[in-house]
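Participant: In full-length UniProt numbering, the protein residues as written are 1 to 250. Ideal Cβ placement from N, Cα and C applies to all residues, glycine included. Before I ask anything, here is the structure I am working with.
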Ligand SMILES: [Zn+2]
Ligand SMILES: [Zn+2]
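Below is the structure:
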């Protein structure tokens with residue numbers, strides 16, 4: 001009897017360990033493997049010119065994903081602002097120099113009744129040394145969906161949305177023991193299909209690279225250092241995501 005309960009305990013501990021391992025493997029999949037491939041997908045879809053030049057070409061649009069309820073000096077006519085914040089100040093600050101102080105061009109920053117009714121974005125630029133390393137998954141997906149949609153086919157867009165949604169779901173798994181093996185398999189399969197499809201859209205080399213990375217993640221030992229690293233990256237992304245939009249001072 002005592003022996004049986006001992007066996008049961010061991011099996012339970014074993015199951016717990018597997019669930020915990022699955023959780024960290026899934027985070028590793030998102031923050032390491034998927035993110036690395038998505039960076040390359042973005043670079044390939046941007047084409048010539050580089051990331052910084054691309055960001056500058058999109059800066060007006062991206063500015064209003066953050067400041068969504070006040071027009072800027074480059075809004076012509078009646079621009080339809082989103083009214084919904086797509087990106088936080090912290091996410092924008094990863095990619096752009098946010099002008100502070102009195103750096104508005106004369107007449108570009110307009111006030112009415114003590115309230116700013118127009119910001120100046122003339123000195124809002126992509127950071128000089130910006131690279132795709134600064135991207136988190138939400139930023140990468142937002143850029144692909146909103147700036148590069150014409151370079152994506154409908155299934156690619158669907159895959160990007162799937163990855164974005166699943167990333168959000170993984171973030172909501174607060175307790176490492178709450179992810180069943182079935183859920184893990186379901187999420188993993190969807191992520192794997194999506195990122196492999198996106199990689200294949202770039203070229204066969206990236207497709208093979210993605211397959212190798214996935215295989216090596218599946219087979220690797222999850223040492224504590226790795227678990228802490230990937231978990232920490234996910235928490236940094238979440239913190240950026242949820243920071244409230246602050247009114248900029250120009
Ligand atoms: Zn504007
Ligand atoms: Zn201006």
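Would you say the beta carbon of residue 64 comes nearer than 7 Å to a heavy atom of ligand 1?
Facilitator: Yes, the beta carbon of residue 64 sits closer than 7 Å to at least one heavy atom of ligand 1.
Participant: Sort 210, 146, 165 and 194 by Cα distance to residue 263 and report the nearest one.
Facilitator: Given a span of 1 to 250 for the chain in the structure shown, any question on residue 263 remains unanswerable.
Participant: Out of 41, 5 and 239, state which residue places its alpha-carbon closest to the alpha-carbon of residue 168.
Facilitator: Among 41, 5 and 239, the Cα nearest to that of residue 168 is on 239.
Participant: Kindly indicate which three-state DSSP category residue 92 falls into: helix, strand or coil?
Facilitator: Residue 92: helix per DSSP, three-state reduction.
Participant: Considering only residues of the same chain and omitting the five flanking positions on each side of residue 33, which have a CB-CB separation below 8 Å?
Facilitator: Around residue 33: 195, 210, 213, 214 and 217.
Participant: Have a look at residue 68 and residue 5 and give me their C-alpha separation to the nearest angstrom.
Facilitator: If I take the Cα positions, the gap works out to 60 Å.
Participant: What do you get for residue 62, buried or exposed, if any count of 16 or more other CB atoms within 10 angstroms of its CB means buried?
Facilitator: By the neighbour-count rule (16 or more Cβ atoms within 10 Å), residue 62 is buried.
Participant: Apart from the five residues just before and just after residue 54, which ones in its own chain have a Cβ nearer than 7 Å to its Cβ?
Facilitator: 46, listed in sequence order.
Participant: Between residue 75 and ligand 2, is the CB less than 7 Å from at least one heavy atom?
Facilitator: No, the Cβ of residue 75 stays beyond 7 Å of every heavy atom of ligand 2.
Participant: Is residue 232 helix, strand or coil by DSSP?
Facilitator: The answer is helix: DSSP assigns residue 232 an H, G or I state.
Participant: Can you tell me which of 21, 44 and 22 puts its alpha carbon nearest to the alpha carbon of residue 205?
Facilitator: Answer by Cα proximity: 44.
Participant: Looking at the secondary structure, which residues open and close the beta strand (DSSP E) in which residue 119 lies?
Facilitator: Counting along the chain, the beta strand (DSSP E) containing residue 119 begins and ends at 115-119.
Participant: For residue 152, is the beta carbon positioned less than 7 Å from some heavy atom of ligand 1?
Facilitator: Every heavy atom of ligand 1 is 7 Å or more from the Cβ of residue 152, so no.
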